[in-house]
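Asker: Just so you know, the sequence shown maps onto residues 645 to 917 in the numbering used here.
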Amino acid sequence: MTVSISPAEREALIALAQELADTARVETLRHFRTAGGPETSNKLAGGFDPVTVADRGAEKAMRDLLAQRRPQDGIFGEEYGVKRGESGLTWVLDPIDGTRGYMSGTPTWGVLISLSEELADGPGRPLMGLVDQPYVGERFLGGFGRSELSGPRGVMPLRTRPARPLSEAVLFSTFPEVGTSEEGAAFARLSKQVRLTRYGMDCYAYALIAAGQIDLVVEAGLHPYDVGGPIAVIEAAGGIVTDWTGGPAWRGGRVLAAANREIHAEAMRVLNG
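#1: Pull up the CB-CB distance for residue 810 and residue 855, whole angstroms please, since I reckon it's below 8 Å.
#2: So, residue 882 versus residue 758, is the Cβ gap smaller than 8 Å?
#3: For residue 731, which residues of its own chain have a beta-carbon under 6 Å away from its beta-carbon, when the five flanking residues on both sides are left out?
#4: Taking 8 Å as the cut-off, does the region 860-873 touch the region 903-912 (at least 3 CB pairs, one atom from each stretch)?
#5: Decide if residue 655 is buried, meaning its Cβ has at least 16 other Cβ atoms within 10 Å, or exposed.
#6: Let's see if you can read the secondary structure: which residues bound the alpha helix (DSSP H) around residue 648?
#7: Would you list, in sequence order, the uninterrupted beta strand (DSSP E) runs of no fewer than 3 residues that lie entirely inside the region 664-744?
#8: Quick check: residue 796 and residue 669, are their CB atoms within less than 8 Å of each other?
#9: Can you tell me whether residue 739 is buried or exposed? The criterion is at least 16 other CB atoms within 10 Å of its CB, across all chains shown.
#10: What are the partner residues of residue 899, as DSSP defines its beta bridges?
#11: Please name the residue, chosen from 870, 833, 673, that lies closest to residue 847 on a Cα-to-Cα basis.
#12: Can you tell me whether residue 746 is helix, strand or coil according to DSSP?
#13: Can you give the Cα-Cα distance for residue 784 and residue 791, rounded to whole angstroms?
#14: Checking the sheet assignment: what are the DSSP bridge partners for residue 794?
#15: In chain order, what are the residue ranges of uninterrupted beta strand (DSSP E) at least 3 long that sit wholly in the region 801-882?
#16: Taking the C-alpha atoms as reference points, what is the distance between residue 721 and residue 764?
#17: What residue does the alpha helix (DSSP H) around residue 911 start on, and which one ends it?
#18: Going by Cα to Cα distance, which pick from 814, 835, 808, 813 is closest to residue 821?
#19: What separation, rounded to the nearest whole angstrom, lies between the Cα atoms of residue 823 and residue 833?
#20: Buried or exposed for residue 749, going by 16 or more other Cβ atoms inside 10 Å?
#21: Expressed to the nearest angstrom, what Euclidean distance is found between the alpha-carbon atoms of residue 867 and residue 897?
#22: Is it buried or exposed, residue 646, if we count other Cβ atoms within 10 angstroms and call 16 or more buried?
#23: Whose C-beta lies closer than 6 Å to the C-beta of residue 845 among residues of the same chain, with five residues either side of it excluded?
#24: Let me make sure I understand the geometry here. Which of 829, 876, 887 has the alpha-carbon closest to that of residue 917?
#25: Give the single residue among 837, 699, 902, 665 whose Cα lies nearest to the Cα of residue 852.
#26: Locate the beta strand (DSSP E) running through residue 776, then write down its first and last residues.
#27: With distances taken between CB atoms, is the gap from residue 775 to residue 850 smaller than 8 Å?
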């Protein structure tokens, strides 16, 4: 299904995405770095997948706003699941990407919002999205002809880094384990060939690709709400995001984000042995 969106409606949708992010900022900052930390529970019986009162509060606030402004649209959210729509469009929401960082007081978590065409089996390719870091006040926006960062230095365009040898690249991932043992071994091969590997930045690492600061992010085991916003922002800035074999990544799984097609191809070759 292809949805026709007029230029005026595109601007209205961007404005609504900004308003959703503003709403989530209020809810996430309300509980961030408070005495004793935010109220937290664990989603897993065998393991640790935290969710805080701020995750739930931020997503509920965004859903409430969408119910008022765009009740015809679908919603795919991390905390409250799927609401099917009638417009052919779906909002993909991750109220706090990087909950472990959030509950630990680090400023590298973020709010992820994207707008996708709604397919029969879930959200399709992101049309527009953003990565918002409420505590430092930075918002990375991409899609519908826009690619920009707004923050303490004002508003500036986003542009990914030009091609460079893999031996000069900067690589990020959230966890050193990077999924299964097989996936971890593939990541280790890539890590040995780049100049610098860093961990633990969650969605902020993807934003750094769009801002022209780093070259690669490689992860595994992701969900659609983990990648919708970053894909839109990186692609609008000139980068590329796929799975490890070059296929679509908007459903999550193994994700390879790169500043340009040349270094993407090099990284994909190494990941696939």
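Note that beta-carbon positions come from the ideal geometry of N, C-alpha and C, so glycine has one too.
Answerer: Reading off the structure:
#1: The pair is not a contact, with the Cβ atoms about 20 Å apart (cut-off 8 Å).
#2: No.
#3: Cβ within range, chain order: 716, 717.
#4: Yes, the region 903-912 is in contact with the region 860-873.
#5: So residue 655 ends up on the exposed side.
#6: Careful: residue 648 lies outside any alpha helix (DSSP H) and carries neither H nor E.
#7: For the region 664-744, the full-length beta strand (DSSP E) segments reaching 3 residues or more read 684-686, 694-696, 718-721, 725-727, 733-741 along the chain.
#8: Cβ distance not < 8 Å, so residue 796 and residue 669 don't count as in contact.
#9: Buried is the call here.
#10: Paired residues: 863.
#11: Comparing Cα positions, the closest option is 870.
#12: Correct three-state label for residue 746: helix.
#13: The straight-line gap from Cα to Cα measures roughly 8 Å.
#14: Looking at the DSSP assignment, residue 794 forms a beta bridge with 783, 799.
#15: Fully enclosed beta strand (DSSP E) runs of 3 or longer: 814-817, 840-843, 860-866.
#16: When rounded, the distance between both Cα atoms is 16 Å.
#17: Boundaries of the alpha helix (DSSP H) around residue 911: 905-915.
#18: Nearest of 814, 835, 808, 813 to residue 821, Cα basis: 835.
#19: Residue 823 and residue 833 have their C-alpha atoms spaced approximately 14 Å apart.
#20: By the neighbour-count definition (other C-beta atoms within 10 Å, threshold 16), residue 749 is an exposed residue.
#21: Answer to the nearest angstrom: the Cα atoms are 6 Å apart.
#22: Counting the other CB atoms within 10 Å of its CB gives residue 646 a total below 16, which places it among the exposed residues.
#23: Excluding sequence neighbours, residue 845 sits near 752, 816.
#24: Here the closest residue by C-alpha is 829.
#25: The shortest Cα separation from residue 852 among 837, 699, 902, 665 belongs to 902.
#26: Looking at the DSSP string, the run of the beta strand (DSSP E) that includes residue 776 is 766-777.
#27: Yes, Cβ-Cβ distance for residue 775 and residue 850 is below 8 Å.
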